[in-house]
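Engineer: Please read through the structure below; I'll follow up with questions.
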Amino acid sequence: MSPQTRAVENWTLQPLTNFVREASARLVLVLTPSGQVLAQSGFSRAVDVMSAAALAAAIVASTSELARQLRQQPFAALSHQGPKTGFFLATFVTDRGTLAVLAVYDLDVSSLGLVQLFYEQLAADLKAASPKGAVPKQVLAADFERELTDSLNTLFGR
Amino acid sequence: MSRGGALDMITRVRGVRGAMLVSAEDGLVVAEQLMEGIKGGAVAALAASLAGRLRRAMEAAGTGASVFWHLQAEQGALLVVPGNEAQGSLLVVAVTEPDVNIGLVRLELLRAAETVL
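If you're matching them up, the sequences are chains A and B in order.
As numbered in this note's numbering, residues 174 to 331 make up the first sequence, in order.
As numbered in this note's numbering, residues 6 to 122 make up the second sequence, in order.
Here's what the structure looks like:
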């Protein structure tokens with residue numbers, strides 16, 4: 174198992190580890206649409222996780238709103254590709270609620286096709302592994318900072 | 006000839022289970038004619054991934070670019086003609102039975118590459 178892959182909610186760990194290995198993704202976040210990170214792979218600094226999660230949540234929110242205004246279902250996936258690096262952002266529904274996956278990959282070791290292919294497996298594995306009948310815990314504003322610190326400590330093995 | 010027509014010529018060869026045009030950079034399907042049960046997305050991702058690694062390895066080995074490759078598996082084979090970058094980095098891919106006439110499929114793949122790429 175990659176030492177760089179860590180999870181706040183343990184049921185996400187094995188599917189994420191498999192995805193990172195098979196898709197050769199450099200960075201991956203599994204998060205809720207509100208930006209709460211459930212698992213990460215490849216990040217070395219907490220501030221990067223926080224930034225990436227906030228930006229991914231913002232993209233999910235804005236594309237969801239765009240879809241709503243167009244009277245469409247929320248967009249399933251979004252991909253951006255630069256000369257050397259690409260990123261892939263997609264959402265899916267589990268018993269834990271809607272989750273988002275953000276994957277960053279290098280074009281010399283992976284491709285959008287590979288990431289999409291193994292993302293489908295990741296989504297299926299996470300759906301199967303998600304706690305059944307679980308009600309997502311509400312994070313109150315008063316507890317937000319402590320929850321965030323606890324999550325980041327877990328994600329970086331502190 | 007259209008892309009569909011070029012793929013049609015490949016799939017007419019006995020033992021060919023499908024033919025595809027694949028974006029070498031993305032590993033995504035551009036056009037396909039596949040028998041039921043063949044996962045086009047998976048084949049495209051595999052072909053593009055192999056093509057990329059093979060290209061880099063061949064460059065490092067100083068052998069020049071590949072013009073055709075054949076991956077034999079237990080239950081079939083993958084045959085690929087890669088286009089060059091001027092041709093938009095497309096791959097012409099055939100998925101075949103294990104006992105297909107490789108020479109004939111290769112000929113049709115090269116013809117399709119000339120036509121389409």
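By construction, the Cβ of each residue, glycine as well, lies at the ideal position given by its N, Cα and C atoms.
Quantities reported herein were computed from a predicted structural model and do not represent experimental measurements.
Please report the distance separating the alpha-carbon of residue 106 of chain B from that of residue 80 of chain B.
Structural biologist: Whole-angstrom Cα-Cα distance: 15 Å.
Engineer: Less than 6 Å between C-beta atoms, sequence neighbours within five positions excluded: which residues of the same chain meet that for residue 176 of chain A?
Structural biologist: Unreliable positioning characterises residue 176 of chain A in this predicted model, as indicated by a pLDDT of 48, which lies under 50. A coordinate reading is not provided.
Engineer: In terms of residue numbering, what span does the alpha helix (DSSP H) encompassing residue 241 of chain A cover?
Structural biologist: Per DSSP, residue 241 of chain A belongs to the alpha helix (DSSP H) from 219-242.
Engineer: Mapping DSSP to helix, strand and coil, what is residue 281 of chain A?
Structural biologist: DSSP places residue 281 of chain A in coil when its eight states are reduced to three.
Engineer: From what residue to what residue does the beta strand (DSSP E) around residue 303 of chain A run?
Structural biologist: Segment: none, residue 303 of chain A is in no beta strand (DSSP E) and carries neither H nor E.
Engineer: So that I know if they touch, is there some Cβ in chain A lying closer than 8 Å to that of residue 37 of chain B?
Structural biologist: Chain A, which has no Cβ nearer than 8 Å to the Cβ of residue 37 of chain B, makes this no.
Engineer: Which residues, in chain order, does the region 275-289 of chain A contribute to contact with chain B at a C-beta distance below 8 Å?
Structural biologist: Within the region 275-289 of chain A, the qualifying residues are 280, 281, 283, 284, 285, 286, 287, 289.
Engineer: Could you say which of B/42, B/28, B/116 lies nearest to residue 53 of chain B if we only look at CA atoms?
Structural biologist: Taking only the C-alpha atoms, the option nearest residue 53 of chain B is B/28.
Engineer: Is the beta carbon of residue 11 of chain B closer than 8 Å to that of residue 120 of chain B?
Structural biologist: Yes, Cβ-Cβ distance for residue 120 of chain B and residue 11 of chain B is below 8 Å.
Engineer: With residue 187 of chain A as the anchor, note down where its alpha helix (DSSP H) starts and where it stops.
Structural biologist: 186-196 is the extent of the alpha helix (DSSP H) around residue 187 of chain A.
Engineer: Count the other C-beta atoms from every protein chain shown that fall within 10 angstroms of the C-beta of residue 42 of chain B, then say buried if there are 16 or more, exposed otherwise.
Structural biologist: Residue 42 of chain B comes out exposed.
Engineer: Decide if residue 174 of chain A is buried, meaning its Cβ has at least 16 other Cβ atoms within 10 Å, or exposed.
Structural biologist: No answer about residue 174 of chain A holds up, because its pLDDT of 47 lies below 50 and its placement is not dependable.
Engineer: With distances taken from CA atoms, which of B/49, B/112, B/108, B/56 is nearest residue 70 of chain B?
Structural biologist: It is B/56.
Engineer: Could you check where the beta strand (DSSP E) with residue 180 of chain A kicks off and where it finishes?
Structural biologist: Its beta strand (DSSP E) spans residues 178-180.
Engineer: Determine the direct distance from the alpha carbon of residue 186 of chain A to that of residue 328 of chain A, and round the result to whole angstroms.
Structural biologist: Looking at the two C-alpha atoms, the distance is approximately 11 Å.
Engineer: When you compare only the Cα positions, how much space is there between residue 262 of chain A and residue 295 of chain A?
Structural biologist: Between residue 262 of chain A and residue 295 of chain A, the C-alpha separation is close to 13 Å.
Engineer: Which residues in the same chain as residue 63 of chain B place their Cβ atom closer than 8 Å to its Cβ, once the five residues preceding and following it in sequence are excluded?
Structural biologist: Only 69, 70, 71 meet the Cβ criterion.
Engineer: Using Cβ-Cβ distances below 8 Å, what residues of the region 55-83 of chain B are close to chain A?
Structural biologist: Answer in chain order: 57, 61.
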